[in-house]
Every structure is written in structure tokens, then in C-alpha cells.
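Here is the structure we will look at.
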Amino acid sequence: MNDKITNWTRSDDVVVESAIRRGATRRELLQMLLAGGVAMTLGGVILGRASHALAATPATGGHLKVAGFTSSTADTLDPAKASNSTDYSRCSAVYNRLSNLDKSGTTQMELAESIESADAKVWTVKLRKGVTFHDGKPLTSADVIFSLKRHLDPDVGSKVNAIAKQITGFKAVDDLTVEITLADANADLPTILALHHFMIVADGTTDFSKGNGTGPFVLENFEPGVRSVMRRNENYWKSKGPYVDSFEFLAISDDSSRVNALLSGDIHVAAAINPRSERLVASQPGFVLSKSSANSYTNLNMRLDAAPGQNKDFVAGMKHLINREQILRAALRGRGEIGNDQPVFPGNVYRNDDIKAKAYDPEKAKFHFEKAGVFGQTIPVVASDAATGSVDMAMVIQAAAAEIGLRLDVQRVPSDGYWDNYWLKAPIHFGNINYRPTPDILFSLLYASGAPWNESHYKSEKFDKMLIEARGSLDQEKRRAIYSEMQAMVADEAGTIIPAYLTGIDAITDKLKGMETNPLGGMMGYRMAEHVWFEA
Amino acid sequence: MNNRVLSLALSRLLIAFITLMIVSFAVFFATTLLPGDTASILLGQAATPEAVEGLRKAMHLDEPAIFRFLRWIVGLLQGDLGTSYANEMPIADLIAGRFVNTLKLAGVTALFSVPIALTLGITAAMLRGSLYDRAVTVLTIGVISVPEFMIATSAVLVFAVYLKWLPALSFANEVTSLADLLRIYAMPVITLTFGVSAQMIRMTRAAVIETLNTSYVEMALLKGASRPRMVFRHALPNALGPIVNAIALSLSYLLGGVIIVETIFNYPGVAKLMVDAVATRDLPLIQSCAMIFCLGYLLLTTTADLIAILSNPRLR
Chain D
1 MNDKITNWTR SDDVVVESAI RRGATRRELL QMLLAGGVAM TLGGVILGRA SHALAATPAT
61 GGHLKVAGFT SSTADTLDPA KASNSTDYSR CSAVYNRLSN LDKSGTTQME LAESIESADA
121 KVWTVKLRKG VTFHDGKPLT SADVIFSLKR HLDPDVGSKV NAIAKQITGF KAVDDLTVEI
181 TLADANADLP TILALHHFMI VADGTTDFSK GNGTGPFVLE NFEPGVRSVM RRNENYWKSK
241 GPYVDSFEFL AISDDSSRVN ALLSGDIHVA AAINPRSERL VASQPGFVLS KSSANSYTNL
301 NMRLDAAPGQ NKDFVAGMKH LINREQILRA ALRGRGEIGN DQPVFPGNVY RNDDIKAKAY
361 DPEKAKFHFE KAGVFGQTIP VVASDAATGS VDMAMVIQAA AAEIGLRLDV QRVPSDGYWD
421 NYWLKAPIHF GNINYRPTPD ILFSLLYASG APWNESHYKS EKFDKMLIEA RGSLDQEKRR
481 AIYSEMQAMV ADEAGTIIPA YLTGIDAITD KLKGMETNPL GGMMGYRMAE HVWFEA
Chain E
1001 MNNRVLSLAL SRLLIAFITL MIVSFAVFFA TTLLPGDTAS ILLGQAATPE AVEGLRKAMH
1061 LDEPAIFRFL RWIVGLLQGD LGTSYANEMP IADLIAGRFV NTLKLAGVTA LFSVPIALTL
1121 GITAAMLRGS LYDRAVTVLT IGVISVPEFM IATSAVLVFA VYLKWLPALS FANEVTSLAD
1181 LLRIYAMPVI TLTFGVSAQM IRMTRAAVIE TLNTSYVEMA LLKGASRPRM VFRHALPNAL
1241 GPIVNAIALS LSYLLGGVII VETIFNYPGV AKLMVDAVAT RDLPLIQSCA MIFCLGYLLL
1301 TTTADLIAIL SNPRLR
């Protein structure tokens, strides 16, 4: 039976599942599906799948072996320094955070019972009672203050130093209540605290190799660059999970080795597999592909303060030269969604879906390029494997340019040192941005006049003012309106082109159940170990 | 007479030491040419100028690189390999386990490849021009020409994915019994044996043929020595020098050059450790790995040289 249904999304699955829960009969459901334009045979598939999902109750036991794609001696158990899927997976297994994001990107409380504020400036964090670290120490406000304060210390080398800087005041009101004061009002704090790096460690920790956290697994063995092994935390404070007895994470950097290890049964999950391996895995019985939500993008940046991006017509021309459908189909092999040149990811509550991607229009592009007077010149475009898919994207764009007589010189440079030497520097280059949960983080990181990663050197006073206004407002509707306008502004004015938002594919054995998508990244936002189980 | 051997041996050791120093400086120099440093690489995309500056200071990376290099050399002479920049663990701890794995893999491979190579090389030389000799030649050239990753990947596809006889990954740390050892080492050892013994076969065959063509072997034949006696008593001792050299060169590859095998089988050896170290610009770790590779290489070639000297009556 064919399980692939077009136009059918996970949210539709949810609708059908909840209908079954409410007690709808099979006949009613089939009618519902037919009304939705789904053929009878496929209706059966969906029903089968939905009732299967309902019937599946988690079983316990088993040793879960997961392989990521990158690992080195720089692997760490210090959440502040965590830098890739391997660190995130390991840290998510041993630590918890104050809040977390669910599969729709909505903030849920984890170690915190509530994170509240009246003015978005002074925040009160109430902690859960009865949570203990692996060494038996109860969780208190001192641990939270210690964990957050670390990010401000330059010696720590925290990856979120820039974001954490807005936290200026820490106060332990009592054992389970912390008061956090921000430099300026920011209504997004509960979401910011859900980032991987803000996981909570025990007060005074200097040696992170023990991985003493409050998380679902207790660390048994950690060899940087080789693997980490952990066992289920029998005193875990959550009532559900983890279901597997033990969890082992390793990384196999070679893509075909990773897939072969999965197919031979050595591992249960091969993270982020190459599009080339997709068909191989899909064709083997006993394995399934698990798609993540769109959670990163590769973009083309034209510096607005350097030739040729200085000329508005050149930028406008480039925006019309991008054949997004072709890029998605050929360069990204269909793994993604069409982008509309602004950084807020699909599915985010603040996303402005009304902004339409600029249509591929060589004639219009030619008109703008003529006005900019760039015909006859050779324009360098820097691409690298460091920015996922950028080399292939550059080829598509180069071919389109050649058709109208514009010479683009694609310079493919090494991944090693790319972010230091070319990114933000070359006049035209590619970037690669990972998921960020709020428009505020994205805009302050990437588009505000003083933003550290202002890829196109975009500057607008109006934009900066709107950013601060939205940040301090607790009024959701007002924020939505401001953010919508800001998205339209950067799509129009900035020199960044976001042709598509990318999704990743993890390959897993079909014995593993409970896998969901999460905007924080692949492998369920790197938290799968806590949620999956082996089919009994 | 013995003095001559001793002084030859001593001069070889001195040359080895000088080589070690030159390599260490060359590696250091090459590392400083790479873009970025540990601080900016650890912070990755999140690096803001202030954050990099702060971390650089905390890690003492703001000192001139040459000072850090000299401090590492001084430490090394006192037996201290230093601390990794990337994860602040003692280098000795990081390397120890990995190096043992590398030695295990190299040892098991040598155990299989050297006897196979010598047998095939010598017999092929003895039966030069025969069908057997041509078959061995064609096979070894065929094996040399196939890249290692191809052999390794095909072996995984056949034995792990389709037949499911062997694991696709090699965890050296999981070895608890002889059966485990055979299962876990089978594929990496097969892959490596293919690569290194092909070289050894070719060179052994050439060396034996060369001595078989000399006048003293011809003399032995004319005196009525049997063919095996001619080969083993008269030719082989004189071909020992080049043969041992061929073995040493092939085995030295097993210490640092097995990166492809380590990558494909996810074998935690020391070659991958050095690749990691280069990626994170972890100077003390890069240097320590380079020293180990260089030392191993020098040890093998110097031993081979000494054996060659001792096996040569004119020098003895």
C-alpha cells in the first residue's frame, strides 16, 4: 500500500486522530476525508495510520543507538559551549531547561512552573518542586542563577553570550523563585530560555565531564570524539519517559558509513542523511525516513555597502533572477519550502505568509541589471560546502544569469575557515542560518543596524525602532503587526535572498516509535532519546 | 668491526632525532598558517569579536604562537604532553586509549599481512614467468589500484548490510572475547591487508628476483644447490635489507595513514584524533600526534636500516 499522500500534513493527522478520540466512526471519518478530496483508498491508509498512532502505547526497555554526523575532541557536556547536533543530543539527555518548545514551536514549561512578568523587564521564574540532580542535590534558585550567569563570563566562551547580555539582574527570592531583570523589556524571555544553551547545571560546577543534570539520562561514559553512553534516570521528575533503558550517541561523519551502519542494524538512527542515500533507505524494508520541520536556510547575501550591491537595481535584479522552484527541486532535491526573503521560519506564530516570494522573471532582472550597468562585468559570487547546498544553488543562479548575458563567477572556497574569511566579508556570498525561535532574535542578530551578523549590512533607523518597540510589548497582536511589517521591510530592502527554508531527513528503523518533528532541529530537536520507544 | 656498526647505529639515531625536531617545527609552522584559531573555531558562527577576544585571553591564545610552541616542547622534554585547547583534557589521556587502538589494529594487520606478503612475494619470484607469478602480479596490481574506501565500502555492503555477518562499525573498546576480536577487526584488517601487502609483495618479489640474477646465486646453482636452497640460503639473506625496508614502509603507513579506514568503520584510532585536532587548531594535540606518527615511522625505518646493516657482511 502506498503511504505517500500528497497535500496531507502532520496537522491533518492530528485532526483525524482527535476525531477518533472524540469517537467518530470510521464511516464519518471517511466522509470527512472524501469531503477533503482524499480518495477512498488513501482514506483507508490515513485511518490505519491514525489509529495505529493511537494504539501505540510506549513500551519500555532496549538500548538506543543513535549516530549523528559530526564529532570531535571539542565535544562537550557544557551546555554553554555546545555547538552541534552531537553536543545538543548529549546535553539534552542529561540536562533540562527552564522552558522548551513543542512541535509547533510554542513555549512549554519544563523545569520552571511559570515564567511571568508584568512589564517584560522584571521576570519571575518559579521552579518545580522535587526536582533533583543526578547526584541527589535538589534543584534550587542558586543553580538557575549560576547557569544563567555563566553566559556573561567571557572566560566561559558561551555561544549565547550576545543574547544573555540583556540579563542584568539575578535575585533568588526564595529557594524555588528567581527574579531576572533585563536591561530592556523583552517579552520573548520564556522562549529564549528554551534555547539549547540555557540548560540548567548544578551551582558551582566547574568540571562538566560528569554531566550532572536533572535530565532523563545519567551519564555513564563520555569520550569526546568517540561516543557517549547513558542509562535511564530512575528518579526522573517527569511522569512520562524515558522509555529506553540506555542511550548511546556516536557520530559517523561519513554519510554512506552512517547509512550502512543503520541498514546493517548497528545503529537505530542515522541523523541528517544525504539526499543521495534517501532512496536507498526508503527502498529497504524495516526503515523509515523522518523529516524535520523547516529549520535552517541557506541565503545569498549582497553587501549593500560594497559594489555591486551598493546599486539598488543590482539587488532588485538578483531577486528576480532566483528561480526558487528550480533551486528547491534541483539544488535541494525537494527538501525544503520556498522562501520569501525574510528570516522568520514557516510555522512560527509571527510569520507573515502574505509576503510572496519574488517570481522568477529574467526579463525584469535584465531590465534592472541594465539600469545598474553591470553587463560586461564579471561578478564574483562566493560559495562553499560550509553553507549547505550553496554550491549547487550558485550553479542554478549562474546558469540563469548566463541566459540573459550576465557573467557570474562562482568561486567555490573551502569549508575550513569559511565563516572567518568570507562570510559577512565578501561582497556577494552565501550564509547559512539555523532555526531561532523568535523574530526578535533573528532580527537583532541579522538585520538591526548594529547586528553582529548583519549579512547584507542593512541599515534602517525605522527598522531598529520597530524592533525595540515590539520587543518590549506584551501585546501579542501588536507585536504580530509590527513583526509582519518588519518582515516585509527586509524582504524588500535588505540584500539577503532566502530562496528556500531547508528541512533535514533522519533515517530510522521502523521499530522505533514516537518520533516527532521539532523546530529546534532534527532528531526531535535533539531530544528524541527521552521520547522514543522500541515497538514491543 | 663492532665499532663500525655501533657508530652507524648511533648516527642513524641522531638523524632520527634531528628529523623529529624538523618535523615538529614544520607541523607547527603549517598549523599557524591555517585560518582562525581555537577560540574562533570553538565559538563557530556565534563568534562576535568581543567573545573571541575574551575566550582567547582566557585560553592564553593571545601570546605569540612561537612561545606556546616552545613551552610545549619544553614540557615534552619533561614528559608532559600538555593540555588540549579544545576540551581542556590532558593530551596524554586523550591519546592513550586511541593510540592503543591504533597499535592493536596495526598489530593485527601486520600479523596477517607480513606472512602473506612474504610467502606470495618469494614464491612469485621463485616461479618467475609462470602462470602463478602472473596471477599474483595481476592481482596485486589490481588491489593496489583500487582505492581503500572502495574496498572498505564494498566490504561493508556485502558483509554487514546484505549478509549481516559482521558489524558495519568497529568499536575496538567492545572487544571482550576472541570471537568479538575476529568479528570487530575482520573488515578493517581485510581492507588494510589488501593495501599494505600488495606493496610488500611487489617489493619482495623485485628484491628476490634481483638477487637471483646475481653471479653468486648462479654459482650456487652451478655447484648443484637445489632451487629452494638457492633461494633461502643464498638469495634471501642478501635480499633481506630491501625486504625489511619494504615491510617497514608499509607498516609505518598503518600508524597515521589509516584515516579512511578509521572514518568508514568509525574506528577510534589516533589518525582521526589528529584530523579533529587540525580542525579545531588544537596545537598541543596536533603536535603530539605528529610526534607519535613521526616517531613510529622513524622507529620502523631505523630498525629496518639496522637490520639491513647487520645482514650485510660487508658492513658487519
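Residue numbers (the numbering used here), protein chains in the order written: chain D, 1 to 536; chain E, 1001 to 1316. Think of the CB as a built atom: it goes at the ideal place given N, C-alpha and C, for glycine as much as any other residue. Just so you know, these numbers come straight off a predicted model, no measurement behind them.
- For the pair D/Thr509 and D/Ala251, the CB atoms are not nearer than the 9 Å cut-off.
- Of all residues in the stretch 183–209 of chain D, none is placed with a Cβ closer than 7 Å to any Cβ belonging to chain E.
- Look at the beta carbons and you see the stretch 302–311 of chain D touching the stretch 493–509 of chain D: at least three pairs across the two are nearer than 8 Å.
- Counting the other Cβ atoms within 10 Å of the Cβ of D/Pro308 gives 16 or more, which makes it buried.
- In the DSSP assignment, E/Thr1153 falls within the alpha helix (DSSP H) that extends over 1148–1155.
- Collapsing the DSSP output to three states places E/His1060 in coil.
- The residue among D/Arg480, D/Asp385, D/Ala316 with its C-alpha nearest the C-alpha of D/Thr438 is D/Arg480.
- The C-beta of E/Ile1015 comes no closer than 9 Å to any C-beta of chain D.
- A distance of 9 Å or more separates the beta carbons of D/Glu403 and D/Tyr360.
- Looking from the CA of D/Leu332, the closest CA among D/Thr388, D/His63, D/Ser283 belongs to D/Thr388.
- Within the stretch 79–95 of chain D, Lys81, Ser83, Asn84 place their CB atoms closer than 9 Å to a CB of chain E, listed in sequence order.
- For the stretch 1294–1314 of chain E, no residue has a beta-carbon sitting nearer than 8 Å to a beta-carbon of chain D.
- In the DSSP assignment, D/Phe170 is bridged to D/Ile180.
- Pairing D/Glu455 with D/Asn299 gives a Cβ-Cβ distance under 9 Å.
- Around the beta-carbon of E/Tyr1162, fewer than 16 other beta-carbon atoms lie within 10 Å, marking it exposed.
- According to DSSP, residue pairing for E/Ala1179 in a beta bridge does not occur.
- D/Ser92 and D/Gly405 have their C-alpha atoms roughly 51 Å apart.
- Within the stretch 206–274 of chain D, complete beta strand (DSSP E) segments of at least 3 residues are found at 217–223, 227–232, 246–251, given in chain order.
- Not a single CB atom of chain E sits nearer than 9 Å to the CB of D/Asn301.
- When the alpha-carbon of E/Arg1202 is set against those of E/Thr1191, E/Val1143, E/Ser1215, the nearest one is in E/Val1143.
- Annotation: Cβ neighbours of E/Pro1268 in chain D (cutoff 7 Å, chain order): Val226.
- Bridge partners of D/Tyr297 according to DSSP: D/Ile433, D/Tyr501.
- When rounded, the separation of the alpha-carbon atoms in D/Glu477 and D/Asp188 is 14 Å.
- Assignment of D/Met515 by DSSP, reduced to helix, strand and coil, places it in the coil class.
- In the structure shown, D/Gly336 adopts extended strand secondary structure according to DSSP, grouped into three states.
- Residue D/Asp266 holds the alpha-carbon nearest to the alpha-carbon of D/Ala67 among D/Asp266, D/Lys159, D/Lys238.
- A distance below 6 Å between beta-carbons, with the five flanking residues on each side excluded, links D/Ile428 to the following residues of its chain, in chain order: Met302, Val381.
- At least 9 Å separates the beta-carbon of D/Ile498 from that of D/Pro275.
- Neighbours of D/Asn295 across chain E, judged by C-beta separation under 8 Å, do not exist; the nearest C-beta is about 15 Å away.
- According to the DSSP assignment, E/Phe1293 belongs to the alpha helix (DSSP H) that extends over 1283–1311.
- Only residues of its own chain outside the window of five on either side were considered, and among them Thr298, Ala387, Thr388 have a CB closer than 6 Å to the CB of D/Asn432, listed in chain order.
- Around the beta-carbon of D/Glu110, 16 or more other beta-carbon atoms lie within 10 Å, marking it buried.
- For the pair D/Phe217 and D/Arg227, the CB atoms are not nearer than the 9 Å cut-off.
- With fewer than 16 other Cβ atoms from the protein chains shown falling within 10 Å of its own Cβ, D/Asn235 counts as exposed.
- Inter-residue distance for E/Ala1206 and E/Leu1120 is about 12 Å (C-alpha atoms, whole angstroms).
- As the crow flies, the alpha-carbon of E/Ala1198 is around 39 Å from that of E/Pro1090.
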